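One structure below.
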Amino acid sequence: MAVSRDQRVCIPCSNTDQNLTYESSEYDVNSSDCTCKNPMKGLPTRKRVVAKKLVEIYDSSGSPIRKDCLRCPEGMAVITDDLIEDGQQFFVTAGWRFIADPYVCVSCPDPNMFFDTDYSCVCIDGYVLTGETSVSNQSCIKYNPSVSTSYSRVQFRDPFSLESSNEFTLDSLTFSHMYMKAASDCEFYVSSSGTSRRSCQALANLCVLSMYDQDTPACKQLERISQNRVESYHGLAEWKLTLPWLFYRDEPEHIINDRGISMKVSFHPEVDHVSVLRFKVAKYTLNGTFLGIVDVKNHFEFCANGHLGGDDGRSHWSEFGLSYRVEHLCPISSLLGQEMFFYDIYLVDESSDSCRPEWDCLYPIPVLNRNLVKNSRFPNINQRPGDDIDDVYTRRFFLFDNESGRTSSGTAVLRFAKKIVLKIQIQSEKTTRLYPPILTIEYATATKGSWSGEEEVTSVFQVEYSMRTNKFWESIQIMIGFLCAIAIVIFGIRLNNWQSRQRTSDDSGLTGSIFSLSLVLQVFMVASHTFVVLLFSFIFMICTYWFIFFKLQNEVFLLLPPETEFIFFVTSFHTLFWFQTSHVACVIANQCTSDILFVDWESRREAKSRDGVSMWRLATVANHLNKMQSRRRSSIEFSLMFVGFVMIGLHQDQNSLPHPNFHYNYNDNNHNIALGFANTVLFWFAAAAIQWLWRFIVYERFFDEPPSTKFVDLCTMCNISVFMMSENHRGYYLHGKSPYESADCSMEELMKNLNREGKGTTNTRGLVGATGECQIFTFFASPAFRRQISKIYSYARPSHRHFYQLKYDTEKTSLARAETTVFLQSFINRQLGEGLSYVVRESWFAERHLSVTPAEFRTKTEPKCIMYPDDHGFLSLTFLDIGIEVNLVIHDILTYNAASMAFNNVGISIFLTYIMHLLRTALRSWLGKQNLSDKSLIDSRFFE
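Residue 340 in full-length UniProt numbering sits at position 340 of the sequence shown; the count goes up by one each step and never skips.
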């Protein structure tokens with residue numbers, strides 16, 4: 001007696017009343033169950049084993065009454081415990097795992113197989129066994145495919161490889177297992193067999209994994225099969241009947257310029273217009289099984305939160321015009337255990353008249369596989385303009401490949417989509433219509449060593465809505481031509497003006513090397529500044545054009561240029577930053593090498609001092625000038641706080657998102673550099689304008705005085721004039737000769753002097769010979785004047801060509817300062833000869849607005865010195881000058897923009913901009929202090 005299968009009753013193993021259907025069974029003590037005494041495992045004979053399975057017989061009430069044996073169909077077998085080796089749970093043959101069950105007849109994994117007498121699955125006569133048992137079940141093929149050599153060799157040729165070597169070959173178990181079956185079944189197609197259709201899909205998948213290389217067995221076999229197929233789907237010659245569509249045969253220009261999409265698009269829901277694009281993918285497994293057509297959601301973000309190629313999530317990028325970019329980090333090892341899929345992508349053309357109302361009309365989207373191989377090269381790697389004429393477009397793609405690199409020792413190579421870009425362009429002549437979207441994919445390859453730990457890789461998914469801008473760039477090229485012409489004219493005028501002021505200061509003149517170096521530096525300084533001013537303005541106007549018309553449009557009028565065209569802006573921004581940084585450095589160097597001479601008009605008063613006049617007035621003026629050198633008219637702290645508040649607090653940094661509106665309902669970090677530059681400059685200019693308006697209209701009018709006025713007043717109170725030479729023969733003169741009897745006096749006497757001046761009972765402050773009370777002049781020094789100054793300075797500073805001097809000879813310095821004072825007093829009082837005289841006149845228009853050197857100074861060998869009134873020109877030797885301030889603001893903007901391009905973070909950009917400001921200010925302050933001490937012959941210890 002044996003226990004029934006439901007463990008409820010005991011029933012006998014056989015019955016004396018046997019019929020022709022069932023055979024008797026016997027009780028087996030070892031298994032405590034009935035047994036059919038099947039043949040034991042023997043030697044292979046290529047004869048079908050005859051096996052029987054146990055069957056319970058039931059009475060009319062449904063209760064088991066006995067166990068009999070039933071013969072299995074031919075070629076099938078019964079797996080029993082005695083067939084399973086010790087320590088194993090399954091009986092394995094032909095790659096298939098069978099569990100022991102005496103009640104079941106099992107068949108081999110292929111219908112053309114049978115169980116041999118050794119219980120192994122073998123192919124019937126006329127068929128060949130193929131497949132790798134370590135991968136999956138084996139199969140039988142009747143005919144060898146046309147291409148049946150070297151099919152397991154897979155060559156990885158990847159220009160985007162993570163490894164140093166971008167080409168290697170290995171024997172792939174996946175290709176070895178799948179190729180023969182797929183190639184044979186597809187070539188010798190059986191119309192009634194779903195297996196043949198699936199095999200054709202599998203063969204296509206192997207071709208895709210071979211990167212469409214027509215020299216590989218899979219693609220070569222598929223091409224031969226395609227040539228033998230006559231009929232095609234939907235009239236497409238490249239889509240042959242029974243085969244998947246892999247290649248486009250048309251010229252690339254025809255593919256990307258096709259106008260077969262009939263629907264109209266808009267930014268907002270409208271009648272007969274589509275505001276949300278719908279994409280679908282046909283999904284296949286590696287073995288060719290079709291899993292259906294599904295909506296595209298977050299399939300391309302296969303590294304996001306561990307959801308590899310999932311169907312969850314809303315694709316907000318499908319809203320027309322909302323460009324999108326996201327980067328995900330994921331461990332390479334996380335891709336190894338996932339199942340890979342293949343996709344054919346489509347756009348739903350919702351306005352097409354060629355489809356039935358109940359069906360979706362699907363428009364196939366071309367795929368540009370950057371890793372595609374053709375004739376041993378990569379035709380889709382376009383590095384230069386015009387390289388796209390030989391692009392090869394395909395249909396099928398995968399997101400990651402953990403199968404083709406599978407070897408006997410495990411997965412040795414892993415491929416994944418490093419960058420996926422879906423490009424959607426509107427038609428040039430009909431902006432509400434679309435060109436075919438293009439899906440561009442770049443694959444990266446990692447070998448086994450890359451995932452030994454938790455190394456992460458970056459996968460980028462980007463959706464780019466754009467328009468073709470050929471005509472726009474043609475216009476830009478014309479404008480750049482005009483801009484270059486203007487720049488050359490301005491550069492020529494400025495350089496000519498500078499060169500006309502460079503006169504020799506002694507009989508021999510300047511040495512050739514020094515002159516050449518000074519000329520080179522000046523050429524660079526003038527060229528860089530001219531370039532920055534014009535290009536900055538030009539780029540700002542272009543970016544503002546895109547910012548205004550793109551952000552404020554209601555109907556589809558324009559979209560941004562493709563990402564590849566923004567290299568113009570990237571190059572321009574980097575060039576502007578470095579040129580402006582170089583120019584600011586040159587300005588600092590020029591300011592910190594200028595000559596500064598003080599003229600103390602105070603006479604010695606015996607009653608107060610027997611040794612001379614007091615030094616404190618001169619030290620006070622010099623110290624005030626030292627502080628002015630690095631001071632700015634605007635507050636960088638206010639500007640940065642304003643920009644930070646607007647960008648972060650008010651979320652205005654989102655204005656740089658490539659969305660055709662100012663409404664942002666989700667987080668996105670895909671900032672456009674052109675929109676971002678326009679947005680940044682507008683708010684920086686707003687911060688500067690607020691400060692300048694406050695300073696010029698309110699603060700300096702009602703609460704304080706302009707810096708130039710305050711400094712001149714201080715010089716006048718101290719009875720000290722100042723010569724500030726920005727060049728050898730050009731500079732500024734501040735006439736600070738006091739109208740009082742003495743400036744070295746008590747507070748009471750000083751207040752009396754001010755009261756008398758207020759009542760008009762004292763002399764005027766102005767220079768004799770000048771109109772009005774003008775005290776600031778642009779000064780052109782004659783060669784004789786420069787020779788005399790150099791002669792005096794050479795006594796106190798023999799190494800006068802050095803940038804600054806660390807040690808002073810107190811006696812020589814005092815004598816030189818006294819001699820300089822006497823010479824300059826005599827010069828201002830017109831007590832020297834004809835060669836050291838000067839004229840004071842009004843400046844001409846060209847001299848005032850174009851910085852043209854006076855004609856008499858350019859034409860005469862030994863001209864007189866020339867002065868003409870200038871309200872605040874001397875500030876150009878400090879950071880307080882308006883022109884210098886504009887340059888500093890531009891430098892701040894370009895620094896912020898460069899940091900934003902590098903880090904895409906407002907906080908970091910503000911921090912780095914402030915660091916640049918501190919470095920610039922510290923450099924100007926330190927070098928200026930050293931220069932002021934050196935040139936004014938005043939010990940630097942007097943300066944704060």
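C-beta: ideal position from N, C-alpha, C; glycine also.
Here the structure is a predicted model, which means the values were calculated and not measured.
Contact holds between the segment 779 to 787 and the segment 721 to 730, because three or more Cβ pairs, one in each stretch, are under 8 angstroms apart. For Ser459, the enclosing beta strand (DSSP E) begins and ends at 456 to 467.
Across the set Asn672, Val523, Phe638, the C-alpha of Asn672 shows the shortest separation from the C-alpha of Glu563. For Asn369, the three-state secondary structure derived from DSSP is strand. In the structure shown, the three-state DSSP call for Ser139 is strand. Distance from Ser120 to Pro12 at the Cβ level is roughly 35 angstroms; contact not present, criterion being Cβ atoms closer than 8 angstroms. Non-local beta-carbon contacts of Leu372 in its own chain, meaning distances under 6 angstroms to residues more than five positions away in sequence, involve Met211, Tyr212, Asn380, Val392 in chain order. Apart from the 5 residues on each side of it in sequence, Ser582 sits with its Cβ closer than 7 angstroms to the Cβ of Ser528 in its chain, given in chain order. Contact annotation: Asn887 and Val584 have beta-carbon atoms nearer than 8 angstroms. The residue from His659, Thr680, Met628 with its alpha-carbon nearest to that of Val643 is Thr680.
Residue pairing by DSSP puts Val106 in a beta bridge opposite Ala77. Here the alpha carbons of Lys791 and Thr813 stand approximately 13 angstroms from one another. Scanning its chain for C-beta atoms nearer than 6 angstroms, with the 5 sequence neighbours on each side dropped, one finds around Asn753 the residues Tyr740, in chain order. Within its own chain, the residues whose Cβ lies closer than 6 angstroms to the Cβ of Thr853, once the five positions on either side in sequence are excluded, are Asn497, Ser500, Arg501, listed in chain order. Under the three-pair Cβ rule at 8 angstroms, the segment 143 to 158 counts as touching the segment 183 to 193. Bridge partners of Lys423 according to DSSP: Ile438, Glu464. In the DSSP assignment, Leu912 falls within the unbroken alpha helix (DSSP H) covering 906 to 936. Rounded to the nearest whole angstrom, the C-alpha separation of Phe711 and Pro863 is 30 angstroms. Secondary structure at Arg858: helix, using DSSP grouped into helix, strand and coil. The C-alpha of Val122 lies about 30 angstroms from the C-alpha of Glu26. Going by C-alpha positions, Ser333 is about 46 angstroms away from Thr544.
Bridge pairing for Tyr343: Lys283, Phe397 [DSSP].
Leu875 and Glu442 have their C-alpha atoms roughly 56 angstroms apart. For Arg377, the secondary structure class from DSSP, reduced to helix, strand or coil, is strand. Residue environment for His917: buried (at least 16 other C-beta atoms within 10 angstroms of its C-beta).
Looking at the backbone, the Cα of Ile636 and that of Tyr914 are separated by about 8 angstroms.
Here Ser459 is buried: its Cβ has 16 or more other Cβ atoms, across all protein chains shown, within 10 Å. If you check the CB distance, Ala622 and Ser936 come in under 8 angstroms.
Per DSSP, Pro269 has no beta bridge partner at all. It is roughly 27 angstroms from the alpha-carbon of Val3 to the alpha-carbon of Arg97. With respect to the 8 angstroms criterion, Gly405 and Leu399 are not classified as neighbours on the basis of their beta carbons. The C-beta separation of Leu277 from Ser318 comes to about 5 angstroms, placing the pair in contact by the 8 angstroms criterion. Here DSSP, grouped into helix, strand and coil, assigns Pro783 to helix. For Val839, the closest alpha carbon among the candidates Thr878, Tyr733, Ser630, Ala818 is that of Tyr733. 8 angstroms or more divides the Cβ of Ala444 from the Cβ of Lys423.
Take the alpha-carbon of Leu347 and the one of Asn257: they are about 16 angstroms apart.
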